[in-house]
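A quick write-up on the structure given underneath.
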Amino acid sequence: MKIENAKVQMRKGILEYCILRIISRGEIYASEILDELIEAKIMVVEGTLYPLLTRLKNAGLLDYKWVESASGPPRKYYVLTDTGQEFLEALGDTWDSLSSSVNTIISNK
1 MKIENAKVQM RKGILEYCIL RIISRGEIYA SEILDELIEA KIMVVEGTLY
51 PLLTRLKNAG LLDYKWVESA SGPPRKYYVL TDTGQEFLEA LGDTWDSLSS
101 SVNTIISNK
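So this is what it looks like as structure tokens:
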């Protein structure tokens with residue numbers, strides 16, 4: 001087993017939660033989401049984000065609106081739907097529990 005494969009799988013497992021958490025702060029453009037994920041070293045491949053945003057939108061968790069841009073074509077800004085907010089809260093509860101469990105295991109010597 002290669003360590004890089006394990007790292008990628010760990011990141012994939014939390015990527016959806018991180019994207020929803022970022023969007024929960026308010027309307028946001030996809031490249032801003034990508035920048036934050038790259039800065040946090042959660043994702044480094046742009047091609048992963050757009051299909052995931054589409055999947056989340058099709059699941060009713062996100063919505064978007066087009067906003068005119070002075071510097072180019074209109075931009076698509078994402079927001080959470082009410083269903084998306086509920087989904088995020090449930091994922092947050094799961095993350096808190098999982099994180100606590102993992103920290104308990106790690107701290108045991």
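Residue numbers (full-length UniProt numbering): 1 to 109.
Heads up, the beta-carbon is just placed ideally off N, CA and C, and yes, glycines get one too.
Small disclaimer: the values here were computed from a predicted structure and weren't measured.
| request: Confirm, please, whether the CB-CB distance from I33 to L53 is below 9 Å. | output: As a first step, residue 53 must be located in the sequence shown, where it is residue number 53. As a first step, residue 33 must be located in the sequence shown, where it is residue number 33. The answer is yes: Cβ separation under 9 Å.
| request: Tell me whether the beta-carbon of V67 lies closer than 9 Å to the beta-carbon of G26. | output: By 1-based counting over the sequence shown, the position of residue 67 is 67. By 1-based counting over the sequence shown, the position of residue 26 is 26. No, they are not a contact pair.
| field | Contacts around I23, its chain only, beta-carbon distance under 8 Å, and the 5 residues preceding and following it disregarded | value | Locating residue 23 in the sequence shown gives position 23, counting from the first residue. Annotation for I23: I33, L62, Y78, V79, L80 and G84 place their beta carbon closer than 8 Å to its own, counting only its chain and skipping 5 residues before and after.
| task | To the nearest angstrom, report how far apart E86 and I105 are at their CA atoms. | result | In the sequence shown, counting from the first residue as 1, residue 86 sits at position 86. In the sequence shown, counting from the first residue as 1, residue 105 sits at position 105. Going from the Cα of E86 to the Cα of I105 covers about 29 Å.
| message | How far does the beta strand (DSSP E) with S69 in it extend, from its first residue to its last? | response | Locating residue 69 in the sequence shown gives position 69, where the first residue counts as 1. Element bounds for S69: L62 to S69.
| Integer-rounded CB distance, given that L15 should sit under 8 Å from A30 | Within the sequence shown, residue 30 is the residue found at index 30, counting from 1. Within the sequence shown, residue 15 is the residue found at index 15, counting from 1. The C-beta distance from A30 to L15 rounds to 14 Å, too long to fall under 8 Å, and the pair is not in contact.
| query | Which stretch, first to last residue, makes up the beta strand (DSSP E) that contains G26? | reply | For the purposes of this step, residue 26 is taken as residue 26 along the sequence shown, with counting starting at 1. Note, G26: premise wrong, no beta strand (DSSP E); not H, not E.
| query | Under the rule that 16 or more other beta-carbon atoms within 10 Å means buried, what is I19, buried or exposed? | reply | If you number the sequence shown from 1, residue 19 lands on position 19. Buried: at least 16 other Cβ atoms inside 10 Å.
| To which residues does DSSP link K76 through a beta bridge? | Looking up residue 76 in the sequence shown gives position 76. K76 is bridged to W66.
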